[in-house]
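Below: one structure, written as C-alpha cells.
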Amino acid sequence: MILGWEREVLKQAIENLGNHTIQGVWRIGFACRFFLAVLLHSGTAFRRFGLTIREMYFTGVLSLIIILVSGLFVGMVLGLQGYETLQRYGSESALGTLVALSLVRELGPVLAGLLFASRAGSAITAEIGLMKTTEQLSAMEMMAVDPLARVVAPRFWAGVISMPLLAALFSAMGILGGYLVGVRLIGVDEGTFWSQMQGSVDFTQDILNGVIKSVVFGLAVTTIALFEGYDAPPTAEGVSGATTRTVVTSSLVVLALDFVLTAFMFRGLN
Amino acid sequence: MNRTVLDLWVGLFVIAGIGALLFLALKVGSTSTINAADSYEVTADFQNIGGLKPRAPVKSAGVVVGRVADIRFDNEKYEAVVTLRLANRYAFPKDTSAAIMTSGLLGEQYVGLEAGGDSQKLKDQDRIMITQDAVVLENLIGQFLYGKAQEGAAK
Amino acid sequence: MQHDTLVEIENAVFGYGARPVLKGVNLTAKRGQVVAIMGSSGCGKTTLLRLIGGQIKASQGTVRVAGESPGELDRTGLYRLRRKMGMLFQFGALFTDMSAFDNVAFQLREHTDLPEDAIRDLVLMKLHAVGLRGAAHLMPAELSGGMARRVALARAIALEPMLVMYDEPFAGLDPISLGVTGNLIRRLTDTLGLTSLVVTHDVQESLKIVDYVYFVSEGVIMAEGTAAEIRASGLPYVHQFVHGESDGPVPFHYPARPYADDLGLGEGSA
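Which chain is which? The protein sequence lines are A, B and C, in order.
Each step along the first sequence adds one to the number in our numbering, with nothing skipped, and position 209 is 211.
Each step along the second sequence adds one to the number in our numbering, with nothing skipped, and position 135 is 604.
Each step along the third sequence adds one to the number in our numbering, with nothing skipped, and position 98 is 219.
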C-alpha cells in the first residue's frame, strides 16, 4: 500500500519533469521561429528608419544614465581593487592593463548586457505585453498592418544597434573611472597607465571581440524581451510574469553566452 | 515627445557610442597584429621558452619590432620553435641573437633581438642561430643555492 | 438603399481545441444594415467576428465577405480584404503611445501615400464626425472611456471601409456615452453607406438602432428577426435575455452535482 503511494509520487515527479522539459523545448522552438519571423519582417524597420530611431530613443538613450553611472563606478572599483592587489607585487604599472582588459573583454559587454536586460528588456516586454493585452496588436492586424513588421522589428533592430554602443560607452566610462582613481587619486604614473594599457590591449583580439560579444548579447536580450512580450498571456499577471521572465532568462543567457563566446574567442586562439 | 527632439537625442547617443568605440580603438588599444603583407617571418629555436606566449612583443633595443606569431614543439630536437613576425622596415643582420626576457621581475615575457655584425640580412623563413633561453626562476634559485653550498664547502 | 448581401456565413463550425464554440451558424448581413449579434457572455459572438476578420478559420462551412472568403485567402489577399473592414475593439484598443490624431491617421499613413496635409484634413473630418475634433492632440490616457471608444470608431472608419465590426461597443459606458455611441453607429452607417456588425449584450441600447438581430446561444443561432420581432418574441430564451431575468432557459446555476452531494448529505458519501 505504502509502496504504491510512493511510486505514485515518484511517477508524478518524473511526469512533471518530462512536462517541463517538453514545455521548455517548445518555448525555445517558438522563440527561434519568432526570431526568424522578426528577421523576415525587418524590411519596414529599415525602409522607415524613423520607426527604429524612435525605438532607439527608448532602448538606447533612456538606458544611458544607468550605463554611464554604473560604468564609472565599476571602473573606479576596478582601479581601487586592482591597485590594492597589484601593488603587493610591485606591478602598479599594470593597472591600466588590468582595468582596460577586464572592461573591454568582459565587464563592459556583460554588465552592459545585464543592465540593458533589466532596463530596456523589461520595458520592451511590458510594453508589447500591454499592447497585446489591450488588443492593440489585434487592432493593428485588423487594420492590415503586421505587428511583427510595425511594432516588433523596429524594437529589435533598435536594441541590436543600441547594445554595442552602450557596451562601448560602459567600457569607456569604466576606463575613465579607473583612470580617475588610479592616476588622479592614488597617483599611478599617467604615462605608464596609458602606455601599458595600449601595449597590451589589442584592437582585434580584445576590442573587436568585445564588440562582437555585445552585438550577440543585444540580439539575445531583445529577442527574449520581444518574444516574452509577444507570447505573454493577455492578463495583468501574464504581463508581469513575462517581464520577470525576461530579466531572469536574458540575464542567464547573457552570462552563458559570455562563457561560450569567451571560450571560442580567447581560448581557441592560444 | 517631439520628433526632432527625439531624433536629436538618438543622434547624440549614436555619436557618443561611436566616440566611445573610437576612444577604445585609438586610446586604449593598438593593432599589434602586423599585417602579413609588410612583414617577414623568422624562426628561432629555444630549449626553454619559459612563459612566452603567442602575440608577445619582439623588441630590439627596447623598441617593438614584431610579434611572436607561433610557438611549436619540435619533436625531433626536443626544442621549442618560435616563429617571429617582424615588420619589413626593420632588417636585422644574419647573426642576430634572440633571447627571451622578462620585463620586470614578474612582468610579461618578450623576445629580445640583439643585432650582430653580419652584412647579410635575415630573410623570410630564415633561422636565428644564436638564442638564449628564458630564465626560469626555480633554476636560478637552484643555481644560487648550489653555488652558496659550494662556497660553504670550500671554506 | 442597396440591399445585396455583404457578409454571408453558412453553417460555420469552429472550436478552440476540443471545445466547440460554433456549431453551424448561419448569418447574413446586407449592405447598409446595422446587424446585431447578441447572446450571453462566452457564447461565441466574438469568435464570429474573428471568423469574418480572418483571424481564425472555420473548420467547416463557409464565411464570405464581399464574395471573398477570409479564411481561404493568403496573407496579401487577407490584408487587402481587411483594408475594407474596420473594427472597434471592446475597449477601443487605441495605440497608447500615439495621440488621438495619430491613432486615426495610423492607417492613412500605413496604407496610403497621401501628403501630410491631406491626411490632416481627413483625420480632422473623421474626428469631427465623432465629435472629438477638439481632442485631436490628447493621448489615449487622457481620454474618458466613451471618448476613447469614439476615437477608436473614427480610426475604424478612417479608410472608409465597407464593413465595420464592433466588439461590445457599449460595455462599460455611462448612459450618456452609451446613447452617443449608439447614435453614432447608426448615423455613420447611414451617411457613409457602411455595413455594421455589432456584437453586444446590451439589448435595450442596440434594439434602438439595429435593423436585424441574431441571437446566438450554445453555438447556434437561436433566434433572429428585426428589432420589433425580437421585442415581441415569445421564445423563452429571447424573452429572458431581453428582459434580463435571472433564471429561465439559461439557468442561474452552473451545471454541478446535486447540491446535497456536494454538502456531503447524499446517501452514497457517508
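Heads up, the beta-carbon is just placed ideally off N, CA and C, and yes, glycines get one too.
Quick caveat, the model's predicted, so the values are computed rather than measured.
Amino acids of chain A, ordered along the chain, whose beta-carbon sits closer than 7 Å to that of residue i
i                      : result
residue 174 of chain C : 144
residue 181 of chain C : Within 7 Å Cβ-Cβ: nothing; residue 181 of chain C doesn't reach chain A, min ~24 Å.
Within-8 Å CB hit, residue i to chain B
i                      : result
residue 151 of chain A : no
residue 199 of chain A : yes
residue 55 of chain A  : yes
residue 66 of chain A  : yes
residue 173 of chain A : yes
residue 209 of chain A : yes
residue 102 of chain A : yes
residue 78 of chain A  : no
residue 106 of chain A : yes
Exposed unless 16 or more other CB atoms sit within 10 angstroms - verdict on residue i
i                      : result
residue 282 of chain C : buried
residue 16 of chain A  : exposed
residue 96 of chain A  : buried
residue 228 of chain C : buried
residue 531 of chain B : exposed
residue 196 of chain C : exposed
residue 124 of chain C : In this predicted model, residue 124 of chain C has a pLDDT of only 49, less than 50, meaning its place in the structure is not dependable; the value taken from the coordinates is given anyway. The residue is exposed, with fewer than 16 neighbouring Cβ atoms inside 10 Å.
residue 349 of chain C : exposed
residue 265 of chain A : exposed
residue 473 of chain B : exposed
residue 258 of chain A : exposed
residue 580 of chain B : buried
residue 69 of chain A  : buried
residue 592 of chain B : exposed
residue 520 of chain B : exposed
residue 55 of chain A  : buried
residue 165 of chain A : buried
residue 239 of chain C : exposed
Cβ pair residue i, residue j closer than 8 Å
i                      : j                      : result
residue 191 of chain C : residue 175 of chain C : yes
residue 229 of chain A : residue 36 of chain A  : yes
residue 239 of chain A : residue 211 of chain C : no
residue 184 of chain C : residue 173 of chain C : yes
residue 554 of chain B : residue 538 of chain B : yes
residue 208 of chain A : residue 498 of chain B : yes
residue 373 of chain C : residue 336 of chain C : no
residue 310 of chain C : residue 159 of chain C : no
residue 566 of chain B : residue 597 of chain B : yes
residue 527 of chain B : residue 582 of chain B : yes
residue 226 of chain C : residue 251 of chain C : no
residue 46 of chain A  : residue 53 of chain A  : yes
residue 168 of chain A : residue 118 of chain A : yes
residue 170 of chain C : residue 332 of chain C : no
residue 300 of chain A : residue 153 of chain A : Because chain A spans 3 through 272 in this model, residue 300 of chain A falls outside it and cannot be assessed.
residue 103 of chain A : residue 88 of chain A  : no
Any C-beta of chain A under 8 Å from that of residue i
i                      : result
residue 609 of chain B : no
residue 395 of chain C : Because chain C spans 122 through 391 in this model, residue 395 of chain C falls outside it and cannot be assessed.
residue 124 of chain C : Any reading at residue 124 of chain C must be qualified, since the residue scores a pLDDT of 49, below 50, and its modelled position is unreliable; the value itself is stated next. Cβ-Cβ to chain A under 8 Å: no for residue 124 of chain C.
residue 227 of chain C : yes
residue 193 of chain C : no
residue 568 of chain B : no
residue 203 of chain C : yes
residue 343 of chain C : no
residue 260 of chain C : no
residue 206 of chain C : yes
residue 335 of chain C : no
residue 386 of chain C : no
residue 200 of chain C : yes
Within chain C, partners of residue i - CB distance below 8 Å
i                      : result
residue 140 of chain A : 176, 210 and 214
Proximal chain B residues relative to residue i, where beta-carbon distance stays under 7 Å
i                      : result
residue 191 of chain A : What residue 191 of chain A touches in chain B: nothing, since even the nearest Cβ is about 14 Å away.
residue 170 of chain A : 486, 489, 490 and 493
residue 133 of chain A : Neighbours of residue 133 of chain A on chain B: none; closest Cβ ~18 Å, over 7 Å.
residue 59 of chain A  : 475, 478 and 479
C-beta neighbour in chain C for residue i, strict 8 Å
i                      : result
residue 241 of chain A : no
residue 137 of chain A : yes
Chain A residues whose Cβ lies nearer than 8 Å to that of residue i
i                      : result
residue 270 of chain C : The premise fails here: residue 270 of chain C is roughly 13 Å from chain A at the closest Cβ pair, so nothing lies under 8 Å.
Chain-ordered chain C contacts of residue i [CB-CB under 7 Å]
i                      : result
residue 147 of chain A : 231
Under 9 Å by beta carbon: chain B residues contacting residue i
i                      : result
residue 181 of chain A : Under the 9 Å cutoff, chain B gives no residues; its nearest Cβ is about 10 Å from residue 181 of chain A.
residue 177 of chain A : 492, 493, 496 and 497
residue 63 of chain A  : 475, 478, 479, 481 and 482
Contacts of residue i in chain B (Cβ-Cβ under 8 Å)
i                     : result
residue 12 of chain A : Within chain B, no residue comes near residue 12 of chain A; the closest Cβ sits about 53 Å away, beyond 8 Å.
Contiguous alpha helix (DSSP H) assignments of at least 4 residues, all confined to the segment 132-211 of chain A: 138-144, 155-181 and 192-202
Entirely enclosed beta strand (DSSP E) segments - the segment 153-215 of chain C, minimum 3 residues: 155-159, 181-186 and 206-209
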